[in-house]
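Our numbering numbers the first residue of the sequence shown as 2 and each following residue consecutively. Even for Gly, the Cβ is constructed at its ideal location relative to N, Cα and C. Small disclaimer: the values here were computed from a predicted structure and weren't measured.
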Amino acid sequence: MTLYYAPHTCSLSPHIVLRELDLPFTLVKVDNRSKRTEHGEDFLAINPKGYVAALQLADGRVLTEGPAILQYLADLKPEAGMAPPAGSWERARLQEMLSFITSELHAGMSPLFNAAFGEEVKQVFRERLFKRMAHVEQVLQGSPWLLGERFGVADAYLFTVLGWLRFFDIGLERWPALARFMQTVAQRPSVQAASAAEGVA
């Protein structure tokens, strides 16, 4: 398998999961501006959407979109328990959480990267984001991980997305459970190895 990634993007989450599962893979860096890989390939020929993450299998098939990649990887090694069994109520809850992270946190943070938006507009998006973060704070107050007692793919995704808060000078002081979560995940060997490999440690 080949994981196409760019530093400081959501591709960090499948990278973490690949290392958690100890699956063999090759890591290929993509330049988000030129859409070329580190080997000079046209990334648009690999993923016409033009963004990471993209996971290419040995037979050439390509899977995109972080939540889909995360679940695919977890199902390659179900005994690791990084995702509940397909078809179970718990799996539906995982999909619910992945959708929430995607639409409310990941997408909710995107406008803050946009230099064309003024401070007043960004403040509206910040307040909306903070309400969503308060929900996750509540979840983590009652559980060490998003779906219970075991680190899973949703946790890898949440860690990745919340890591972008530093780009906006947003601290986690008002969300102690989130702060604890981030500190705990940052110590995992898979996270440290993935961050070092991407040069974002």
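I'd like the span of the beta strand (DSSP E) that includes residue i, first residue to last.
i   : result
D32 : T27 to D32
L4  : T3 to Y6
L24 : Where L24 is concerned, there is no enclosing beta strand (DSSP E), given that its DSSP letter is neither H nor E.
T10 : That residue, T10, is in no beta strand (DSSP E); it is neither H nor E in DSSP.
V63 : V63 to T65
The alpha helix (DSSP H) with residue i in it runs from where to where?
i    : result
L99  : W90 to F101
A187 : P177 to A187
A197 : P190 to E199
A55  : No alpha helix (DSSP H) holds A55; the beta strand (DSSP E) holding it covers A55 to Q57.
K50  : No alpha helix (DSSP H) contains K50, which DSSP labels as neither H nor E.
A155 : V154 to L163
A135 : E120 to Q142
Given a threshold of 16 other Cβ atoms within 10 Å of its Cβ, counted over all protein chains shown, does residue i qualify as buried or as exposed?
i    : result
N115 : exposed
G1   : The shown model of the chain, from 2 to 202, leaves out residue 1, and the question about it has no answer.
V162 : buried
V18  : buried
L45  : exposed
S104 : exposed
S144 : exposed
S89  : exposed
What does the alpha-carbon distance come out to for the pair residue i and residue j?
i    : j    : result
G61  : I47  : 9 angstroms
T65  : K30  : 15 angstroms
T27  : E91  : 31 angstroms
L58  : A93  : 26 angstroms
P177 : E138 : 8 angstroms
D156 : G119 : 32 angstroms
A195 : K123 : 31 angstroms
R133 : P25  : 35 angstroms
F169 : F160 : 16 angstroms
A198 : G164 : 16 angstroms
K78  : S111 : 32 angstroms
A135 : G41  : 43 angstroms
F152 : Y158 : 11 angstroms
P49  : L166 : 28 angstroms
A8   : D32  : Here the sequence assigns Pro to residue 8, which means Ala is not the residue at that position. Taking the straight line from one Cα to the other gives about 9 angstroms.
W146 : T3   : 28 angstroms
With distances taken between CB atoms, is the gap from residue i to residue j smaller than 9 angstroms?
i    : j    : result
T10  : A54  : yes
Q72  : A84  : yes
G51  : P15  : no
L95  : L148 : yes
L179 : L130 : no
L113 : F126 : yes
E21  : R189 : yes
Just checking my contact of residue i with residue j at CB under 8 angstroms: how many whole Å lie between their CB atoms?
i    : j    : result
A69  : V154 : So it is not a contact: roughly 11 angstroms between Cβ atoms.
D43  : R37  : 7 angstroms
V201 : V192 : Going by Cβ atoms, the distance from V201 to V192 rounds to 11 angstroms, so no, they are not a contact pair.
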